[in-house]
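Asker: This is the structure I want to talk about, given as structure tokens.
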Amino acid sequence: AAALERLPALEERVSKYVDMVNYEETMLIRFRGVGKLSKEEALRYGTVGPTARASGIDYDTRKDDPYLAYQDAPWNVVTDTHGDVYGRTRVRVWELQESLKIVRYCLENLPEGPIRVPAPKNAPKGEILSRYEAPRGELAHFIRTSGTDKVERVDIRTPTLANWTSVAMCLVNQN
């Protein structure tokens, strides 16, 4: 109940950010045309998250490979076609609005039952690849276990690593 009561204030604040990104002259002058990344370049460099979505790529792990309650909550993948800092800022701000929609839905539809459940001591033997949408894009974890309380192997691919090449490319010829 307390979290739901705080949502209107957050929604109002995010609405101000949307106005800023659309009408704040200084922001528009500084962000438009800077760090351009075309859709083709974003695809070629394997860009993920808001960086990719700002170049017109309609991909979000929460929609394309849903997990948890994302398939039940009403929300939209935010994209933009500017491909520059302005487009990336628009995507991030609009994603704040979508996130608030998801939070509101989840709080209003929270099922009854325990919030905490006991975790097992040992993980079953096997391998798993887990992907989820982090603030900067798709985050992947590979884990191998042997049936004990020790993990054999963990590999992590962060969205920052996935976006590094495209960000470096965007800096070329920028003053």
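If you read the sequence shown in the numbering used here, its first letter stands for residue 216, the second for the next number, and so on. For glycine and all other residues, C-beta sits at the position ideal for the given N, C-alpha and C.
Is it the case that the region 295–315 contacts the region 326–334, given that we only count it when at least three CB pairs across the two stretches are under 8 Å?
Answerer: No contact exists between the region 326–334 and the region 295–315.
Asker: Compute the Euclidean distance between the alpha carbons of V229 and V263, then round it to the nearest angstrom.
Answerer: In the sequence shown, residue 229 corresponds to position 14, counting from 1. In the sequence shown, residue 263 corresponds to position 48, counting from 1. Roughly 23 Å between the two C-alpha positions.
Asker: As a quick exercise: from Q389, N378 and A383, pick the residue whose alpha carbon is nearest that of L258.
Answerer: Counting from 1 along the sequence shown, the entry for residue 258 is found at position 43. That would be N378, whose Cα lies nearest to the Cα of L258.
Asker: Less than 8 Å between the beta carbons of R319 and P265, yes or no?
Answerer: As a working mapping, residue 319 is identified with position 104 in the sequence shown. As a working mapping, residue 265 is identified with position 50 in the sequence shown. Going by C-beta atoms, R319 is not nearer than 8 Å to P265.
Asker: For G261, I'd like the list of residues in its chain whose CB is within less than 6 Å of its CB, leaving aside the five on either flank, ordered along the chain.
Answerer: Counting from 1 along the sequence shown, the entry for residue 261 is found at position 46. Counting only Cβ-Cβ distances below 6 Å, and skipping sequence neighbours, we find A377.
Asker: DSSP state of E327, grouped into three classes?
Answerer: Translated into the one-based positions of the sequence shown, residue 327 becomes position 112. Correct three-state label for E327: coil.
Asker: Compare the C-alpha of N388 against each of L225, E342 and G248 and name the closest.
Answerer: Along the sequence shown, one-based indexing puts residue 388 at 173. Here the closest residue by C-alpha is G248.
Asker: DSSP three-state label for G298, please.
Answerer: Indexing the sequence shown from 1 puts residue 298 at position 83. Note: G298 maps to coil in three-state DSSP.
Asker: Is it right to say R221 is buried, meaning 16 or more other beta carbons lie within 10 angstroms of its own, or is it exposed?
Answerer: Here residue 221 is taken as the residue at index 6 of the sequence shown, counted from 1. By the 10 Å Cβ count, R221 comes out exposed.
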